[in-house]
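Visitor: Structure below; questions to follow.
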Amino acid sequence: MPRVSAFARLANGAIAPKRVLEGQATHLSRTMHGMDFDVPHDEFFIPVALSGAVLTFRGGAGGEEPPKRVIQGSKTGLVRPQTIAVDPVHDEVYVGDPSARAVFVFHRTDNGNVAPIRVLQGKQSKLVEVTSVAVDPVHDLLITGQRGLTPETTGLLIFRRTDNGDVAPRAIIAGPKTRMYHFRQVAVDPTREKIYVAVQDIWYKPAAPYAASKVRSGYATEKNEEALKWTPSPFDPSTKGFIGVWDIHDDGNVPPRAVIRGPQSRLLEPGGLALDSGDGEVIAVDGGVNGYQVYLVPQFFRPEFWRSLANGLRPLP
Amino acid sequence: MRRKLLFLGAALFLSYIVASRLDSVPVLKIASGLAQGQRTSSSKDSKGGSQPTGDTAIGGGDIAPVRAVADPYPVFDGIALDAANNLVAMSDENRHGLLIYDRASGDKSEAMTEPRRHIMGAATEMGFVAGVTMDPEHHEIYTVNNDSGDQVTVYSYDSHGNEVPLRRLFVPHQSWGLSLALGRGELAVTTQELNAVGIYGRTASGLTAPLRVIVGADTGLEDPHGVVMDERHNEIVVSNHGNWTQFRPYTNYDPLNLDQKYVPGRFDLSSITVYPITASGNVKPERTIQGTHTALNWAMGIDVDAQHDEIAVANYGDDSVLVFKRDGRGDAAPIRRIYGPNTHIVGPVGVAVDTKNDELWVANYGDHTALIFSRTDSGNVSPKRIVRNAPAEAATCGFTNASAAAYDPKRGEILVPN
Numbered sequence: 002m003p004r005v006s007a008f009a010r011l012a013n014g015a016i017a018p019k020r021v022l023e024g025q026a027t028h029l030s031r032t033m034h035g036m037d038f039d040v041p042h043d044e045f046f047i048p049v050a051l052s053g054a055v056l057t058f059r060g061g062a063g064g065e066e067p068p069k070r071v072i073q074g075s076k077t078g079l080v081r082p083q084t085i086a087v088d089p090v091h092d093e094v095y096v097g098d099p100s101a102r103a104v105f106v107f108h109r110t111d112n113g114n115v116a117p118i119r120v121l122q123g124k125q126s127k128l129v130e131v132t133s134v135a136v137d138p139v140h141d142l143l144i145t146g147q148r149g150l151t152p153e154t155t156g157l158l159i160f161r162r163t164d165n166g167d168v169a170p171r172a173i174i175a176g177p178k179t180r181m182y183h184f185r186q187v188a189v190d191p192t193r194e195k196i197y198v199a200v201q202d203i204w205y206k207p208a209a210p211y212a213a214s215k216v217r218s219g220y221a222t223e224k225n226e227e228a229l230k231w232t233p234s235p236f237d238p239s240t241k242g243f244i245g246v247w248d249i250h251d252d253g254n255v256p257p258r259a260v261i262r263g264p265q266s267r268l269l270e271p272g273g274l275a276l277d278s279g280d281g282e283v284i285a286v287d288g289g290v291n292g293y294q295v296y297l298v299p300q301f302f303r304p305e306f307w308r309s310l311a312n313g314l315r316p317l318p
Numbered sequence: 003m004r005r006k007l008l009f010l011g012a013a014l015f016l017s018y019i020v021a022s023r024l025d026s027v028p029v030l031k032i033a034s035g036l037a038q039g040q041r042t043s044s045s046k047d048s049k050g051g052s053q054p055t056g057d058t059a060i061g062g063g064d065i066a067p068v069r070a071v072a073d074p075y076p077v078f079d080g081i082a083l084d085a086a087n088n089l090v091a092m093s094d095e096n097r098h099g100l101l102i103y104d105r106a107s108g109d110k111s112e113a114m115t116e117p118r119r120h121i122m123g124a125a126t127e128m129g130f131v132a133g134v135t136m137d138p139e140h141h142e143i144y145t146v147n148n149d150s151g152d153q154v155t156v157y158s159y160d161s162h163g164n165e166v167p168l169r170r171l172f173v174p175h176q177s178w179g180l181s182l183a184l185g186r187g188e189l190a191v192t193t194q195e196l197n198a199v200g201i202y203g204r205t206a207s208g209l210t211a212p213l214r215v216i217v218g219a220d221t222g223l224e225d226p227h228g229v230v231m232d233e234r235h236n237e238i239v240v241s242n243h244g245n246w247t248q249f250r251p252y253t254n255y256d257p258l259n260l261d262q263k264y265v266p267g268r269f270d271l272s273s274i275t276v277y278p279i280t281a282s283g284n285v286k287p288e289r290t291i292q293g294t295h296t297a298l299n300w301a302m303g304i305d306v307d308a309q310h311d312e313i314a315v316a317n318y319g320d321d322s323v324l325v326f327k328r329d330g331r332g333d334a335a336p337i338r339r340i341y342g343p344n345t346h347i348v349g350p351v352g353v354a355v356d357t358k359n360d361e362l363w364v365a366n367y368g369d370h371t372a373l374i375f376s377r378t379d380s381g382n383v384s385p386k387r388i389v390r391n392a393p394a395e396a397a398t399c400g401f402t403n404a405s406a407a408a409y410d411p412k413r414g415e416i417l418v419p420n
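Here the protein sequences line up with chains A and B, keeping their order.
Numbers 2 to 318, taken from this note's numbering, label the letters of the first sequence in order.
Numbers 3 to 420, taken from this note's numbering, label the letters of the second sequence in order.
Spelled out as structure tokens, the structure:
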């Protein structure tokens, strides 16, 4: 059901949200695979995949409250935006649109039928199925998560924040060692220079049986049966996703600097994540559990922790 | 009593699954390697980016959460009613199952209601299930994975527990509504992202192409959800949320089609659109109910009462059930509206009309109940009976395959979109 639920930070167990935003006037739709909160301006941003739009709500929005601003129309280029990040420092919004194979950049306060100020798109960019965007305003980086045609292009494509047009990424974190084969939301911690990724599955995602409303050409049932064998049910608990942490300076086929994963973590298929650096917590939204988990990892927000790891030392828990 | 114990047992087991961190599940060796620290790359690459040295350790590991929010109980979504066999089936998109109740189930107590059967488990291949339809002649129940699975799965009336489906039919991603036309031997399936209705043979299975598809700019289909094949009037009736955007393939397996003329997305009002039962391709609807007087607000599941010429709508966005004249069109107001605090309607997703017993069923997504009203009820009325899939005080978290989050430090809130 399309809705935005607000939970108290300390909520625990089977708890109802404090507040729910939903209904026709909100313009929300399904496939909200990204959202971002603009703390200085007390607003949050949501993409609307099924109406090609970007919505801005006040921070405490609830009920059937309409958005403060809507970016939609012929000048926008938006087709099916699925993910979003806001940069309150440079007053920009970054919108990942897999149907356009692009990242669109708008002014933070844009409203209505407006053209993007920059568009990252094209062969050089390697952008295909953009699953996530995050921005680091300190180091001027735009981090995009994407599923490419090969494992080598399925991972993080890191651009300069102001890149425009068909520009090659400055770094690509992808490959078998990353295990980033099926993943969604990305968050960046500019202070500690770290990128967090919600990895839903460590297996490469097979093609869907349909292309638009037609059965995919050359796609036989037997092939799909075979694909199902190597892609276990998403609700099979042996398919463990994880939260991975990389350095913003990483490049190539490199494993994460840190992970949260394993049976105690309860993580099955985390697709969403958010950082609460003030409380030293990582929040992971998990479609496999159909809920979310919060991890108290204050060490992740201390530079000395990452320095000691880089020196081969594993700090005691 | 035995079934009640079984149901309670299943709920407790689910609670345990969610709460116990799946301690007994072995970790994949591949995933294990991630935390064992196998970094062998050089420290600098040719582009000036850094890579960890061979000495680098991997931090973190198998860390238990300090808090977790999830709902251990089923949440009703789609609904189908078989008055001939006195059965009602409802899909559970939260814990991924189908619950089958006696038609006369429910009461006014706060006790949980015992289902006759509960189909759930990995073998069922149910994911985030939505629409449901029942076949009273062949004793089969159909449901569809709206997400995580892209298939219709079919079970027998006798199915129970972790059972393999009788057959499965692959359908496009984001398929939501189902309706059988037994006289025609056809199954209708709505698909949100394609703004389409696909018609398949009733027994189609595997990767079988649809017999015909209603799709295109003239159809008025906009984020379609509920569907009914009304064989008495030879019509297909569809409810729409009002979202529309051009479909362009977006997966990594599909090429970017830059030749396609760009048409921007738009927000329209919710609507009900009606087509000839044999419609195919880019056809205009015969009738459309849409406008501010309709009160339609994220119209979800629908049912057609062909006997009384009415359409019932689960009106999710304002916690109501609307009833329209079947031949209504334009900005028509509903002829009845069940709405208000006495109704206990909270986020209705499914609705089913029982003309044989003069009742109307509502599947609530917003709490753990289904409500049974008299068929002609209107206004702020109390339900005749309530079916509960959880204790009366159980909260509903309201997640549907959520895949994003944001943190609001000012309010100390975690925001989660579905």
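The C-beta atom is built at its ideal place from N, Cα and C for all residues, glycine as well.
Would you list the one or two residues that DSSP bridges to B:Asn-391?
Guide: Along the second sequence, read from residue 1 onward, the residue named residue 391 of chain B stands at position 389. Partner(s): none; B:Asn-391 has no beta bridge.
Visitor: Excluding five sequence neighbours on each side, which residues of the same chain lie with their C-beta closer than 8 Å to the C-beta of B:Phe-401?
Guide: Your numbering for residue 401 of chain B matches position 399 in the second sequence. Answer for B:Phe-401: Ala-72, Asp-73, Asn-96, Val-418 and Asn-420, listed in chain order.
Visitor: Between the segment 19-31 of chain A and chain B, which residues of the former have CB atoms less than 9 Å from a CB of the latter, in chain order?
Guide: Of all residues in the segment 19-31 of chain A, Lys-19, Arg-20, Val-21, Leu-22, Glu-23, Gly-24, Gln-25, Ala-26, Thr-27, His-28, Leu-29, Ser-30 and Arg-31 have a Cβ within less than 9 Å of some Cβ in chain B.
Visitor: May I have the straight-line CA-CA distance separating B:Glu-233 from B:Ala-132, to the nearest angstrom?
Guide: In the second sequence, residue 233 of chain B corresponds to position 231, counting from 1. In the second sequence, residue 132 of chain B corresponds to position 130, counting from 1. When rounded, the distance between both Cα atoms is 23 Å.
Visitor: Would you report the Cα separation of A:Ile-386 and A:Ala-54, rounded to the nearest angstrom?
Guide: Residue 386 of chain A is absent from the model: chain A starts at 2 and stops at 318.
Visitor: I'd like to know whether the C-beta of A:Arg-81 is nearer than 7 Å to at least one C-beta of chain B.
Guide: What you label residue 81 of chain A is simply residue 80 of the first sequence in a count that begins at 1. By this cut-off, A:Arg-81 is an interface position.
Visitor: Nearest-angstrom Cα distance between B:Ala-37 and A:Val-286?
Guide: Your numbering for residue 37 of chain B matches position 35 in the second sequence. Your numbering for residue 286 of chain A matches position 285 in the first sequence. Model confidence at B:Ala-37 stands at a pLDDT of 41, short of 50, so the residue's coordinates are unreliable; what they give is reported in the following sentence. Their backbone Cα atoms lie some 21 Å apart in a straight line.
Visitor: Could you list which residues in chain B have their beta carbon closer than 9 Å to that of A:His-34, in chain order?
Guide: Counted from its first residue, the first sequence places residue 34 of chain A at position 33. Going along chain B in sequence order, the residues near A:His-34 (Cβ under 9 Å) are Ser-405, Ala-406 and Pro-419.
Visitor: If the cut is a Cβ gap below 9 Å, which residues of chain B does A:Phe-302 touch?
Guide: Sequence index remark: in the first sequence, residue 302 of chain A carries index 301 (1-based). By Cβ distance, chain B contributes nothing, its closest Cβ being about 12 Å from A:Phe-302, past 9 Å.
Visitor: Cα-Cα, which of A:Arg-102, A:Arg-4, A:Asn-13 and A:Gly-242 is closest to B:Val-67?
Guide: The residue labelled residue 67 of chain B in the question sits at position 65 within the second sequence. The question names Val, but residue 67 of chain B is Pro in the sequence shown. The shortest Cα separation from B:Pro-67 among A:Arg-102, A:Arg-4, A:Asn-13 and A:Gly-242 belongs to A:Asn-13.
Visitor: If we require 4 or more residues per run, which alpha helix (DSSP H) segments fall completely within the segment 287-362 of chain B?
Guide: Counting only runs of 4 or more, we get nothing.
Visitor: Run through chain A and tell me which residues come within less than 8 Å of B:Pro-74, C-beta to C-beta.
Guide: By one-based count along the second sequence, residue 74 of chain B stands at place 72. Here the neighbours are Ala-15.
Visitor: For B:Gly-61 and A:Leu-128, which I take to be in contact (beta-carbon distance under 8 Å), what is that distance rounded to the nearest angstrom?
Guide: Within the second sequence, the letter at position 59 stands for residue 61 of chain B. Within the first sequence, the letter at position 127 stands for residue 128 of chain A. Incorrect: roughly 30 Å between the Cβ atoms, too far for contact.
Visitor: Could you check the C-alpha separation between B:Gly-200 and A:Glu-23 for me, to the nearest Å?
Guide: As a position in the second sequence, residue 200 of chain B is number 198, starting the count at 1. As a position in the first sequence, residue 23 of chain A is number 22, starting the count at 1. Near 28 Å, if we compare the C-alpha coordinates of A:Glu-23 and B:Gly-200.
Visitor: At a CB-CB cut-off below 8 Å, which residues of chain A make contact with B:Arg-390?
Guide: For the purposes of this step, residue 390 of chain B is taken as residue 388 along the second sequence, with counting starting at 1. The premise fails here: B:Arg-390 is roughly 15 Å from chain A at the closest Cβ pair, so nothing lies under 8 Å.
Visitor: Roughly how many whole angstroms lie between the Cα atoms of A:Ala-116 and A:Ala-103?
Guide: Looking up residue 116 of chain A in the first sequence gives position 115. Looking up residue 103 of chain A in the first sequence gives position 102. Looking at the two C-alpha atoms, the distance is approximately 14 Å.
Visitor: Say whether the segment 201-215 of chain B touches the segment 304-322 of chain B, bearing in mind that this needs 3 or more beta-carbon pairs closer than 8 Å, one atom from each stretch.
Guide: Verdict: no, contact absent.
Visitor: Counting only Cβ-Cβ distances shorter than 7 Å, please list the residues of the segment 365-378 of chain B near chain A, keeping chain order.
Guide: Listed in sequence order: Tyr-367.
Visitor: Taking buried to mean at least 16 other C-beta atoms within 10 Å of its own C-beta, is B:His-175 buried or exposed?
Guide: Position 173 of the second sequence, counted from the first residue, corresponds to residue 175 of chain B. That one is buried.
Visitor: Quick one: what's got a C-beta closer than 7 Å to A:Glu-130's C-beta in the same chain, skipping five residues either side?
Guide: Locating residue 130 of chain A in the first sequence gives position 129, counting from the first residue. For A:Glu-130, where only same-chain residues beyond five positions count, the Cβ hits under 7 Å are Pro-99, Gln-147 and Arg-148.
Visitor: Check the Cβ of A:Thr-77 against every Cβ in chain B and list those closer than 8 Å, keeping chain order.
Guide: Sequence index remark: in the first sequence, residue 77 of chain A carries index 76 (1-based). Chain B residues near A:Thr-77: Pro-266.
Visitor: Between which residues of its own chain and A:His-34 is the CB-CB distance below 6 Å, once the five residues before and five after are set aside?
Guide: Within the first sequence, residue 34 of chain A is the residue found at index 33, counting from 1. Around A:His-34: Gln-83, Thr-84 and Arg-185.
Visitor: Could you tell me which uninterrupted beta strand (DSSP E) segments, each at least 3 residues in length, are contained entirely in the segment 132-203 of chain B, listed from first to last along the chain?
Guide: Listed in chain order, they are 142-149, 153-158, 169-172, 177-183, 188-193 and 198-203.
Visitor: For a cutoff of 7 Å on Cβ pairs, would you count B:Pro-336 as touching chain A?
Guide: If you number the second sequence from 1, residue 336 of chain B lands on position 334. No, B:Pro-336 does not count as interfacial toward chain A.
Visitor: Provide the residue span of the beta strand (DSSP E) that contains B:Ser-241, from first to last.
Guide: Locating residue 241 of chain B in the second sequence gives position 239, where the first residue counts as 1. Element bounds for B:Ser-241: 237-242.
Visitor: Check whether the Cβ of B:Arg-250 lies closer than 7 Å to any Cβ atom in chain A.
Guide: Reading the second sequence from its first residue, position 248 is the one you call residue 250 of chain B. It does: the Cβ of B:Arg-250 has a partner Cβ on chain A nearer than 7 Å.
Visitor: So, helix, strand or coil for A:Arg-308, using DSSP?
Guide: Translated into the one-based positions of the first sequence, residue 308 of chain A becomes position 307. It is helical.
Visitor: Count the C-beta pairs between the segment 106-121 of chain B and the segment 172-183 of chain A that are closer than 8 Å, then say yes if the count reaches three, no if not.
Guide: The segment 106-121 of chain B vs the segment 172-183 of chain A: no contact.
Visitor: Please report the distance separating the alpha-carbon of A:Leu-319 from that of A:Asp-37.
Guide: Only positions 2 to 318 of chain A appear in this structure, which leaves residue 319 of chain A out of reach.
Visitor: Does DSSP put A:Gly-279 in a helix, a strand or coil?
Guide: Numbered from 1 along the first sequence, position 278 holds the residue referred to as residue 279 of chain A. A:Gly-279: helix per DSSP, three-state reduction.
Visitor: Taking B:Ala-412 as the query, report the chain A residues whose CB atoms sit under 8 Å from its CB, ordered along the chain.
Guide: Numbered from 1 along the second sequence, position 410 holds the residue referred to as residue 412 of chain B. The sequence as given places Lys at residue 412 of chain B; Ala does not occur at that position. In chain order: Val-40, Asp-43 and Gly-60.
Visitor: DSSP beta-bridge partners for B:Arg-119?
Guide: To locate residue 119 of chain B, count along the second sequence from 1; it is residue 117. The partner list for B:Arg-119 (beta bridge, DSSP) reads B:Ile-102.
Visitor: Using a Cβ-Cβ cut-off of less than 9 Å, give me the residues of the segment 47-73 of chain A that come near chain B, in sequence order.
Guide: Within the segment 47-73 of chain A, the qualifying residues are Ile-47, Val-49, Ala-50, Leu-51, Ser-52, Gly-53, Ala-54, Gly-60, Gly-61, Glu-65, Val-71 and Gln-73.
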